[in-house]
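One structure below.
2 protein chains.
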Amino acid sequence: MAKNAIVGQSGGPTSVINSSLAGVYQGSVSRGADNVFGMVNGIQGLLNNRIVNLSDYLISNLEIELLKRTPSAYLGSCRYKLPHFKDDISVYEKIFKILKELEIEYFFYIGGNDSMDTICKLSDYAKEIKSDIKFMGVPKTIDNDLMVTDHTPGYGSAAKYIGVVMKEIVRDATVYDTPYVTVVEIMGRNSGWLTAATSLSKSDDCEGVDMICLPEVPFESDKFLVKTERLLKEKKDIVIAVSEGLKLTDGRYVCELSDDARFTDAFGHKNLTGTARYLSNQVMKKIGIKSRSIELSTLQRCAGHLTSRTDITEAYQVGGAAAKAAFEGHSGEMVALKRLSNDPYQCTTQTHDIHKVANFEKKIPLEWLNSDCTDVTPVFHQYLRPLIQAELTPIFINGLPQHIYLKNTD
Amino acid sequence: MAKNAIVGQSGGPTSVINSSLAGVYQGSVSRGADNVFGMVNGIQGLLNNRIVNLSDYLISNLEIELLKRTPSAYLGSCRYKLPHFKDDISVYEKIFKILKELEIEYFFYIGGNDSMDTICKLSDYAKEIKSDIKFMGVPKTIDNDLMVTDHTPGYGSAAKYIGVVMKEIVRDATVYDTPYVTVVEIMGRNSGWLTAATSLSKSDDCEGVDMICLPEVPFESDKFLVKTERLLKEKKDIVIAVSEGLKLTDGRYVCELSDDARFTDAFGHKNLTGTARYLSNQVMKKIGIKSRSIELSTLQRCAGHLTSRTDITEAYQVGGAAAKAAFEGHSGEMVALKRLSNDPYQCTTQTHDIHKVANFEKKIPLEWLNSDCTDVTPVFHQYLRPLIQAELTPIFINGLPQHIYLKNTD
Numbered sequence: 089m090a091k092n093a094i095v096g097q098s099g100g101p102t103s104v105i106n107s108s109l110a111g112v113y114q115g116s117v118s119r120g121a122d123n124v125f126g127m128v129n130g131i132q133g134l135l136n137n138r139i140v141n142l143s144d145y146l147i148s149n150l151e152i153e154l155l156k157r158t159p160s161a162y163l164g165s166c167r168y169k170l171p172h173f174k175d176d177i178s179v180y181e182k183i184f185k186i187l188k189e190l191e192i193e194y195f196f197y198i199g200g201n202d203s204m205d206t207i208c209k210l211s212d213y214a215k216e217i218k219s220d221i222k223f224m225g226v227p228k229t230i231d232n233d234l235m236v237t238d239h240t241p242g243y244g245s246a247a248k249y250i251g252v253v254m255k256e257i258v259r260d261a262t263v264y265d266t267p268y269v270t271v272v273e274i275m276g277r278n279s280g281w282l283t284a285a286t287s288l289s290k291s292d293d294c295e296g297v298d299m300i301c302l303p304e305v306p307f308e309s310d311k312f313l314v315k316t317e318r319l320l321k322e323k324k325d326i327v328i329a330v331s332e333g334l335k336l337t338d339g340r341y342v343c344e345l346s347d348d349a350r351f352t353d354a355f356g357h358k359n360l361t362g363t364a365r366y367l368s369n370q371v372m373k374k375i376g377i378k379s380r381s382i383e384l385s386t387l388q389r390c391a392g393h394l395t396s397r398t399d400i401t402e403a404y405q406v407g408g409a410a411a412k413a414a415f416e417g418h419s420g421e422m423v424a425l426k427r428l429s430n431d432p433y434q435c436t437t438q439t440h441d442i443h444k445v446a447n448f449e450k451k452i453p454l455e456w457l458n459s460d461c462t463d464v465t466p467v468f469h470q471y472l473r474p475l476i477q478a479e480l481t482p483i484f485i486n487g488l489p490q491h492i493y494l495k496n497t498d
Numbered sequence: 089m090a091k092n093a094i095v096g097q098s099g100g101p102t103s104v105i106n107s108s109l110a111g112v113y114q115g116s117v118s119r120g121a122d123n124v125f126g127m128v129n130g131i132q133g134l135l136n137n138r139i140v141n142l143s144d145y146l147i148s149n150l151e152i153e154l155l156k157r158t159p160s161a162y163l164g165s166c167r168y169k170l171p172h173f174k175d176d177i178s179v180y181e182k183i184f185k186i187l188k189e190l191e192i193e194y195f196f197y198i199g200g201n202d203s204m205d206t207i208c209k210l211s212d213y214a215k216e217i218k219s220d221i222k223f224m225g226v227p228k229t230i231d232n233d234l235m236v237t238d239h240t241p242g243y244g245s246a247a248k249y250i251g252v253v254m255k256e257i258v259r260d261a262t263v264y265d266t267p268y269v270t271v272v273e274i275m276g277r278n279s280g281w282l283t284a285a286t287s288l289s290k291s292d293d294c295e296g297v298d299m300i301c302l303p304e305v306p307f308e309s310d311k312f313l314v315k316t317e318r319l320l321k322e323k324k325d326i327v328i329a330v331s332e333g334l335k336l337t338d339g340r341y342v343c344e345l346s347d348d349a350r351f352t353d354a355f356g357h358k359n360l361t362g363t364a365r366y367l368s369n370q371v372m373k374k375i376g377i378k379s380r381s382i383e384l385s386t387l388q389r390c391a392g393h394l395t396s397r398t399d400i401t402e403a404y405q406v407g408g409a410a411a412k413a414a415f416e417g418h419s420g421e422m423v424a425l426k427r428l429s430n431d432p433y434q435c436t437t438q439t440h441d442i443h444k445v446a447n448f449e450k451k452i453p454l455e456w457l458n459s460d461c462t463d464v465t466p467v468f469h470q471y472l473r474p475l476i477q478a479e480l481t482p483i484f485i486n487g488l489p490q491h492i493y494l495k496n497t498d
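So the sequence lines, in the order shown, correspond to chains Z and X.
Quick note on numbering: the first sequence equals residues 89 to 498 in my numbering.
Quick note on numbering: the second sequence equals residues 89 to 498 in my numbering.
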């Protein structure tokens, strides 16, 4: 019987999820996997038998190198929520039948909270039916909201991108000699790790952002406008960073106050957008100062042209560590990053029981914020700065970065 | 009497306008200027005596190098429209009085159409009053809409940025296994040069954009929706690039159909935004397919972290050529780029009578578009491709690009 592995990617894209895929692939091959299969569009693709043999595609080291430098999910992604097996066993029976046909011994899933929920449920079911298949979770999310890991692969690159473009936006925003308020909207549904990264822009060569509004702190319109007016007395151009997930004290999202249509995905998440636009309009109406809003949008999660080499390397390492753990017999666990020291920065990998990860969210400690919760303290920078160090330049061909992509497999 | 030069920057920021400033500065210094002054916030700052001596700030070659790699306008910008001297001579008298006090012999203005209008009016007035001051225009605009020059400095970098992020957006947009329409809004009020650059994304490693809508082509909603539906039959994820300046057949902007507030600047330009959002909503309402909109926003004009080295070099060259021409006695002219050949790419500088530039707009030739005007032909790529070649990496310090900026001079 063959010793096969299978790997899938799930949840929102990042710049480095493919580096983890490369880590899982090479880690499995070097440990003697006969085949490493890829689920196309995650568990949903697996259920529809959409499977590729990765060795047909990742032929030379050049493809591996391109994979590491290609943003988004090479294998495609999904937002499929697995029911509990006590509620619907048929899905599980189908999945394990497919895995048996493919002679899978190792199952890897790279993703965020929802993906770890999938690993949790599959490994619980495997235990229930006494299956020997090993299930390992590989962390990935720009949101940095996973428990037990010091930080998540994907966060460092997104934070670096946000720091860089905020410096550029500040340069752009301060170019005219007229009072102006720029409100920049950053991703982060419930945690402010990404919005807080805008504080990187403050340095000896940049005025930086003037106010940061995180979803951890209930948003009060009056305080926001009072602080904006006060800032405008000190300098003519104000740049404010707000999280897309800002919530009012009554629990509603700020963006619900605007007129935008909203949608709900399979996990019940609201499709948040319009927070910055709403607040920018408020500034114009209530303070009477010109204002514009900028949404960093998907660029912050898929900017493969501007990644942290530290992040890319760690993403590869957690993939490799997952392969190692699975081949050594671990299952129902997620690989986590454990920081050994800030300066010099040292970090290693561990594995943790997946039950301690799935469906929890890690937020910014409030003691890392200043007194009125509109800025971060140096502790946050000691935490973040090592994660954005060094660059991995794309392979530019004829003026553009070269990528690798899976052509239509249907 | 001292032989002094003065230089100002005007109009919207670009990634390379500071490289032109470096070119003017070094070109003037090397030709024996006693002082090179900078107007802070352009002609408006000059009128308020907001002037710096650049040699106090650009002390070593390192500052020059940082200047070349810092986006936006180092000296700040303005959108001041000079009245004709026959309508209001007092402004002219004030300007020439200030220039006399500063012992200015050479006056440089780096900018787009509106800035060339300023050079045109000042040089006309100088001729009228028999002033010896030489006035030279240095072209700059991401929009590439200036006459007589093959292309404008700033366009190559913006086009490269747009090509790169469109490849990344396509990777991001195609990650799920569900039909999806992504509409991306690109700058360009009246000309589609930037929106057309999204076509760079189509290559052997990327599916590219599926439809391009340029302001040169009157927009018809029905045709747009029919084409989108047809494309959705061929593939599940569609990426569409639209110009912010799309106009209906009756001359109204498409974004006027949405509910956004609009503003008008001193030049009577409408503040366009919301085209992609409106069209994305139309796709959801009329076709019933999930859709999102992305505005590249100011990032496309100030992304100093991703520039074309060709563009940065040419921006420096036009600055230097302006200094050379002025010191040789030219006035009332703009430096233009003249392409000698596509492959190998060769380009030189010329000067042109400013009256042939100011207040004209260069649009994409319609014969460079395909039959239904939703894509470009290879001729456009032969034109564009040389302009995006090679990269100028920022000087990264502690994880972020180092910039240079003029601290508050008030």
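Built from N, CA and C at the ideal position, the CB exists for glycine as well.
query, result
"According to the neighbour-count rule (16 or more other Cβ atoms, all chains shown, within 10 Å of its Cβ), is leucine 454 (chain X) buried or exposed?", "exposed"
"Less than 7 Å between CB atoms is the rule here; does isoleucine 382 (chain X) satisfy it with respect to chain Z?", "yes"
"Chain Z beta carbons: is any one of them nearer than 7 Å to that of arginine 259 (chain X)?", "yes"
"Which of the three DSSP states is assigned to lysine 525 (chain X) in this structure?", "This structure gives no information on residue 525 (chain X), because the portion of chain X shown stretches from 89 to 498."
"Is it buried or exposed, lysine 248 (chain Z), if we count other Cβ atoms within 10 angstroms and call 16 or more buried?", "buried"
"Verify whether the separation of the beta carbon atoms of alanine 329 (chain X) and isoleucine 382 (chain X) is less than 7 Å.", "no"
"Less than 7 Å between C-beta atoms, sequence neighbours within five positions excluded: which residues of the same chain meet that for proline 241 (chain X)?", "Val104, Ser108, Pro227, Lys228, Asp399, Glu402, Ala403, Val406"
"Should alanine 349 (chain X) be labelled buried (16 or more other beta-carbon atoms within 10 Å of its own) or exposed?", "Only weak support exists for where alanine 349 (chain X) lies, its pLDDT of 45 falling under 50; the value from the coordinates is given anyway. So alanine 349 (chain X) counts as exposed."
"Considering only the beta carbon of each residue, do glutamine 128 (chain X) and alanine 284 (chain X) sit closer than 7 Å?", "Note on identity: in this sequence residue 128 (chain X) is valine, with glutamine being the wrong assignment. Cβ distance not < 7 Å, so valine 128 (chain X) and alanine 284 (chain X) don't count as in contact."
"Hey, would you say the C-beta of arginine 473 (chain X) is under 6 Å away from at least one heavy atom of the ligand COA?", "For the structure depicted, the ligand COA is absent and the ligand set is empty, with no information on it obtainable."
"Name, going along the chain, the residues of the stretch 464–475 of chain Z whose beta-carbon falls closer than 7 Å to a beta-carbon of chain X.", "Arg473"
"Taking DSSP's pairing of strands, which residues face alanine 329 (chain Z) in a bridge?", "Z:Val272, Z:Ile300"
"My understanding is that cysteine 294 (chain X) touches lysine 323 (chain X), with C-beta atoms under 8 Å, so please give their C-beta distance in whole angstroms.", "At roughly 13 Å, the Cβ-Cβ gap does not stay under 8 Å, so cysteine 294 (chain X) and lysine 323 (chain X) are not in contact."
"Excluding sequence positions up to five away, which residues of its chain have a Cβ less than 6 Å from the Cβ of lysine 451 (chain Z)?", "Ser279, Glu304"
"What's the gap between the Cα of lysine 218 (chain Z) and the Cα of serine 143 (chain Z)?", "30 Å"
"Is there at least one Cβ from chain X nearer than 7 Å to leucine 394 (chain Z)'s Cβ?", "yes"
"Sorted by chain position, which residues of the same chain lie with C-beta nearer than 6 Å to phenylalanine 184 (chain Z)'s C-beta, five sequence neighbours on each side aside?", "none"
"At the level of alpha carbons, what is the spacing between phenylalanine 351 (chain Z) and serine 379 (chain X)?", "Because phenylalanine 351 (chain Z) carries a pLDDT of 46, less than 50, the predicted location of this residue cannot be relied on, and the following value inherits that uncertainty. For phenylalanine 351 (chain Z) and serine 379 (chain X), the distance between alpha carbons rounds to 11 Å."
"Where do the N-terminal and C-terminal ends of the alpha helix (DSSP H) with aspartate 205 (chain X) fall, by residue?", "201–216"
"Comparing alpha-carbon positions, which option in X:Glu479, X:Asn123, X:Thr270, X:Val371 lies nearest valine 297 (chain X)?", "X:Thr270"
"Within the continuous beta strand (DSSP E) that includes aspartate 40 (chain Z), where are the two ends?", "An answer regarding residue 40 (chain Z) cannot be provided, because it is not within the stretch 89 to 498 covered by chain Z."
"Return the CA-CA distance between methionine 89 (chain X) and isoleucine 186 (chain X), expressed in angstroms with no decimal places.", "15 Å"
"Which residues in chain Z sit within 9 Å of valine 55 (chain X), going by Cβ to Cβ distance?", "Residue coverage of chain X in this structure runs from 89 to 498, which leaves residue 55 (chain X) outside it and unanswerable."
"Between which residues of its own chain and isoleucine 192 (chain Z) is the CB-CB distance below 8 Å, once the five residues before and five after are set aside?", "Asn92, Ala93, Ile94, Phe125, Ile221"
"Can you check whether the CB of methionine 422 (chain Z) is closer than 7 Å to the CB of glycine 225 (chain Z)?", "yes"
"In the DSSP assignment, the alpha helix (DSSP H) including arginine 397 (chain X) goes from what residue to what residue?", "397–415"
"For glycine 420 (chain Z) and aspartate 212 (chain Z), I'd like the C-alpha separation in whole angstroms.", "7 Å"
"At a Cβ threshold of 7 Å, is leucine 367 (chain X) touching chain Z?", "no"
"Tell me which residues share the same chain as proline 489 (chain Z) and place their Cβ nearer than 6 Å to its Cβ, disregarding the 5 neighbours each side in the sequence.", "His393, Pro482"
"Expressed to the nearest angstrom, what Euclidean distance is found between the alpha-carbon atoms of cysteine 390 (chain Z) and glutamine 114 (chain X)?", "39 Å"
"Could you tell me which whole alpha helix (DSSP H) segments of length 4 or greater appear in the stretch 240–292 of chain X?", "243–261, 281–284"
"Starting from the beta carbon of asparagine 486 (chain Z), find every residue of chain X whose beta carbon is closer than 9 Å, and list them in chain order.", "Ser291, Arg473, Ile476, Gln477"
"Only counting the same chain, and skipping five residues up and downstream in sequence, which positions put a Cβ closer than 7 Å to that of tryptophan 456 (chain X)?", "Val464, Thr465, Val467, Phe468"
"Just verifying my parser: in three-state terms, what is the DSSP assignment at glutamine 97 (chain Z)?", "strand"
"Quick check on tyrosine 264 (chain Z) - is its C-beta less than 7 Å from some C-beta in chain C?", "Absent from the structure is chain C; the protein chains it does hold are Z and X."
"7 Å is my cut-off, CB to CB: does proline 159 (chain X) come that close to chain Z?", "yes"
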